[in-house]
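Peer 1:
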Amino acid sequence: MKTSLVIMAAGIGSRFGGGIKQLEPVGMHGEIIMDYSIHDAIEAGFNKIIFIIRKDIEEAFREVIGERIEAICKQLNVEIDYAFQAMDDLPEGVKLPKDRTKPWGTGQAVLACKGLIKEPFAVINADDYYGKESFFKLHDFLEEYTPEKPTDFCAAGFILKNTLSENGGVTRGVCQVNENGYLTGIDETKNIVKVGDKAAVQKEDGQEPIDENSHVSMNMWGLTPEFMEILEKGFIEFLGGIKEGDIKKEYLLPELIDQLIHSGKAAVDVLETKDEWFGVTYQEDKASVQAAFKKLTDDGVYPEGLYQ
Numbered sequence: 041m042k043t044s045l046v047i048m049a050a051g052i053g054s055r056f057g058g059g060i061k062q063l064e065p066v067g068m069h070g071e072i073i074m075d076y077s078i079h080d081a082i083e084a085g086f087n088k089i090i091f092i093i094r095k096d097i098e099e100a101f102r103e104v105i106g107e108r109i110e111a112i113c114k115q116l117n118v119e120i121d122y123a124f125q126a127m128d129d130l131p132e133g134v135k136l137p138k139d140r141t142k143p144w145g146t147g148q149a150v151l152a153c154k155g156l157i158k159e160p161f162a163v164i165n166a167d168d169y170y171g172k173e174s175f176f177k178l179h180d181f182l183e184e185y186t187p188e189k190p191t192d193f194c195a196a197g198f199i200l201k202n203t204l205s206e207n208g209g210v211t212r213g214v215c216q217v218n219e220n221g222y223l224t225g226i227d228e229t230k231n232i233v234k235v236g237d238k239a240a241v242q243k244e245d246g247q248e249p250i251d252e253n254s255h256v257s258m259n260m261w262g263l264t265p266e267f268m269e270i271l272e273k274g275f276i277e278f279l280g281g282i283k284e285g286d287i288k289k290e291y292l293l294p295e296l297i298d299q300l301i302h303s304g305k306a307a308v309d310v311l312e313t314k315d316e317w318f319g320v321t322y323q324e325d326k327a328s329v330q331a332a333f334k335k336l337t338d339d340g341v342y343p344e345g346l347y348q
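For my numbering, add 40 to where a residue sits in the sequence shown, where the first one is 1.
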């Protein structure tokens, strides 16, 4: 069965220390975080990769990663495609609201793949390292897809303590999971900080403890081709609800999926992974991420030349 990996990379124009953080080398031979995700996905069995980017960064993206990955994937018989997210890419008859200055979030990003996705697919962020386990678990889940179950989805469930930064607060989608391992809700929680080997939500008046063993979503979803129709319908409804003053509001995957769960229209199996998440949220994170990839390489998790 064909299974796609959709990589949301349209936000790589954000600046980090004078450069683009998602394209910062972190591996021993100049590899970027995205290289490791692609390597792990192909190893797990994904055989199609779709990059979601913006037209204005296409040249830089292809130069840094696209052309190199295309050459590798050609040898491995893995299909490569591109989708382009644009602020004015709206459903027919919908006008761009005045003063809008950026695209509409992760929901619109994935919707840019309409016409390209005809198979079960996983979605990830370009600048997150997820670990091998999650890709294998998502791929195995997607391999069981049948059209008779169009709203059976999955999510990689990371352990909160494995996703924190030593250098500041992070936002995480804290998952509520029932006794059968299914998602019952997502609580988008901002400014979660590491406190020793514990975790807390940093507030103006102090810290509120949070269970460091909670499952959290890192925007790593396993979805069906039928989800694209749901996504498009949801975007039209979202835009119809935009009011004056909501100009920065975003159409986000976790919020849509949360709505589907609460309305009984979807079931999301939370696939626990104990892998440690890495990401360069802060400039100071880069050194620790580089050290982590060096250790993974020294331990034999990855070859010294990732694609050599």
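For every residue, glycine included, the Cβ atom is placed at its ideal position computed from N, Cα and C.
1) Is threonine 313 near tyrosine 185, with beta carbons less than 8 Å apart?
2) Please check the pair histidine 179 and threonine 43, which I expect to be a contact at CB under 8 Å, by giving their CB distance rounded to whole angstroms.
3) Output the boundary residues of the beta strand (DSSP E) element that contains tyrosine 23.
4) With distance defined between alpha-carbon atoms, name the residue in Leu130, Ile301, Ile92 and Leu116 nearest to cysteine 194.
5) Which residues mark the beginning and the end of the alpha helix (DSSP H) in which alanine 240 is found?
6) Which word fits valine 341, buried or exposed, when buried means at least 16 other C-beta atoms lie within 10 angstroms of its C-beta?
7) Between isoleucine 93 and alanine 126, is the Cβ-Cβ spacing less than 8 Å?
8) Between the alpha carbons of leucine 311 and glutamate 295, how many angstroms are there, rounded?
9) Cα-Cα, which of Ala81, Asp75 and Ala149 is closest to glutamate 107?
10) Quick check on histidine 79: buried or exposed, where buried means 16 or more other Cβ atoms within 10 Å of its Cβ?
11) Under 8 Å, with one C-beta from each stretch per pair, do the region 197-208 and the region 315-322 reach the 3-pair mark?
12) By a C-beta neighbour count over all protein chains shown, 10 Å radius and 16 as the cutoff for buried, is glutamine 148 buried or exposed?
13) Can you give me the C-alpha to C-alpha distance between glycine 53 and isoleucine 97, rounded to a whole angstrom?
14) So, does the region 252-264 touch the region 152-161, judging by three or more C-beta pairs under 8 Å?
15) Just the Cα atoms here: how many angstroms apart are isoleucine 250 and valine 235?
16) Starting from the C-beta of phenylalanine 86, find all residues in its chain whose C-beta is less than 8 Å away, skip the five residues before and the five after it, and write them out in chain order.
Peer 2: From the atom records:
1) no
2) 6 Å
3) It is not possible to answer for residue 23, since the shown part of the chain is limited to 41 through 348.
4) Ile301
5) Run containing alanine 240: none in the alpha helix (DSSP H); it sits in the beta strand (DSSP E), 238-243.
6) exposed
7) no
8) 19 Å
9) Asp75
10) buried
11) yes
12) buried
13) Unreliable positioning characterises glycine 53 in this predicted model, as indicated by a pLDDT of 49, which lies under 50. A coordinate reading is not provided.
14) yes
15) 10 Å
16) Thr43, Ser44, Leu45, Val118, Ala162, Phe175 and His179
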